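As structure tokens, the structure follows; a few thoughts come after it.
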Amino acid sequence: MIRLLLALLCFTLSPFAHAAPAPDAAAGLADLRAADARVLTIGYRLATRNAPFCRVTENASGMTLHHIGQYGDVAAARATFGFAREYAVLALVADGPAAKAGVQIDDALVAVNGSSLQPTAAQLAAIDQPAAYRPIAWADATLRAALDTAPVRLSVLRDGAAVDVTLTGVRACRSRFELRPTSDYGASADGDIVSITSAMLGFMADDDELAAILAHEMAHNLLEHRRRLNDAGIQRGLMQQLGRNAQLTLATEIEADRLSIWLMANAGFDPAGAVRFWTRYGKQRGKGIFSAPTHYRWKKRVALFEEEMAKLAAAHRQPEGWMPPLLAETPPPLQ
Ligand SMILES: [Zn+2]
């Protein structure tokens, strides 16, 4: 439910559904892997290149794991991905830490620092996610915690052989990026994870446009919008469309749009990708006067992006990039 509400917070599109964990045809699964790798790679670049400017950072692995339970058709998932154990490596950033350490696609993950990857029922029940995603959320959290204190020893199974790999993460803004396979258009941020649907991904003309959407969602996480809206007593759901609820939600959307431009530039993406995406998307799918009061209509968003790009062009570039004004100080309470 929380994800549905946050999806509304971010995009006033068709509701964000979780009914279909994955398309199960082998070709569909191969496409899914390529799409996951694309989201991972763009997200990793945004998170690592902006790390010098983020208040909260972590050590990123540059890999996406998956769990056999995510797939409706287990036999098809095994045929495509192997899954010698319940967890396996779905995608890697080509030059990322995991790939450099020797991790390979379809390695089955057995243990982290000697502890077998086996969540308890209580650990899974405590995770605020749809049931099919809880095992992977637990494994991700376990790995992220391990990476933050020291290099991690991963025990994997590769073609039946046990292999140990030592993985050292790279500093990154704290945000994880994931693809949700569904025909609904949407993207969301829950304070930690950035999600984009496969339908939305299919709408992207190029990596700059994808970076624009991921940067907007990452901005929601970096600016702690979920916490700040909660602190301000904002009501979610239909009530969020009214009065002060809508006004403060709109304020967070404007902040996320502004920050996204700087995040894109620091990661070497063309910020004009945001303009191109919203112009095309707005013309084809925008709701015009039926737009929700929590979001600017697309023309106003495009004007906002252009205003922010002008500020960026006039700003001093430090050796590691541009200091985004919205990250320069602790975000104030929303009011
Ligand atoms: Zn948003």
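Just so we're on the same page, this note's numbering is the position in the sequence shown counted from 1, plus 345. For each residue, glycine too, the CB sits at the ideal point set by N, CA and C. The structure presented is a predicted model; accordingly, all values stated were derived computationally and were not measured.
Contact the segment 379-388 vs the segment 451-469: 3+ CB pairs below 8 angstroms: no
According to DSSP, residues forming a beta bridge with GLN663: GLY666
GLU653 beta carbon near ligand 1 (any heavy atom closer than 7 angstroms): no
Nearest to ALA443 (by Cα), restricted to the options LEU488, ALA422 and SER461: LEU488
Cβ pair count under 8 angstroms reaching 3, the segment 409-423 against the segment 527-537: no
For LEU671 and LEU568, believed in contact at Cβ under 8 angstroms, the rounded distance: 6 angstroms
ALA619 beta carbon near ligand 1 (any heavy atom closer than 7 angstroms): Taking the Cβ of ALA619 as the reference point, every heavy atom of ligand 1 lies at 7 angstroms or farther away.
Contact under 8 angstroms by Cβ, LEU524 with VAL455: no
Nearest neighbour of ASP440, chosen from LEU679, GLY407, ILE599 and PRO464 [CA to CA]: GLY407
Cβ shell of ALA495 (< 7 angstroms), same chain only, five flanking positions each side left out: none
Beta-carbon proximity list for ALA596, same chain, < 7 angstroms, skipping 5 on both sides: Taking C-beta separations shorter than 7 angstroms and ignoring five residues to either side along the sequence, the partners of ALA596 in its chain run LEU679, following chain order.
Exposure of PRO480, with buried meaning 16 or more beta-carbon neighbours within 10 Å: Per the 10 Å Cβ criterion, buried.
Contact check, THR402 vs ARG519, beta carbons under 8 angstroms: With respect to ARG519, THR402 sits close: the two C-beta atoms are nearer than 8 angstroms.
Distance between LEU469 and PRO526 (C-alpha atoms, nearest Å): Their backbone Cα atoms lie some 22 angstroms apart in a straight line.
CB of LEU559 within 8 angstroms of CB of ILE541, strictly: yes
Proximity test, ALA601 beta-carbon vs ligand 1 heavy atom, cut-off 7 angstroms: yes
Residue interval of the beta strand (DSSP E) (run including PHE398): Element bounds for PHE398: n/a, residue is neither H nor E.
Same chain only: Cβ atoms within 6 angstroms of HIS565, ignoring 5 sequence neighbours per side: ALA534 and ALA601
Opening and closing residue of the alpha helix (DSSP H) in which THR511 lies: Taken as a continuous stretch (DSSP letters only), THR511 belongs to no alpha helix (DSSP H), being part of the beta strand (DSSP E) at 506-512.
Rounded C-alpha distance that separates LEU546 from PHE622: 11 angstroms
Contact test: GLU403 Cβ vs ligand 1 heavy atom, cutoff 7 angstroms: no
Cβ pair LEU604, PRO669 closer than 8 angstroms: yes
Residue nearest to ASP552 in terms of C-alpha spacing, selected from GLY631, ALA617 and HIS570: ALA617
Delimiting residues of the beta strand (DSSP E) encompassing ALA534: 532-534
Residues near ARG571 in its chain [Cβ-Cβ closer than 8 angstroms; skip 5 each side]: LEU351, ALA534, ASP535, GLY536 and HIS565, listed in sequence order.
C-alpha gap between TRP667 and LEU608, whole angstroms: 9 angstroms
Proximal residues to SER528 (C-beta, below 6 angstroms), its chain only, five neighbours per side dropped: ALA544
Spatial distance of LYS645 from HIS561 (CA atoms): 16 angstroms
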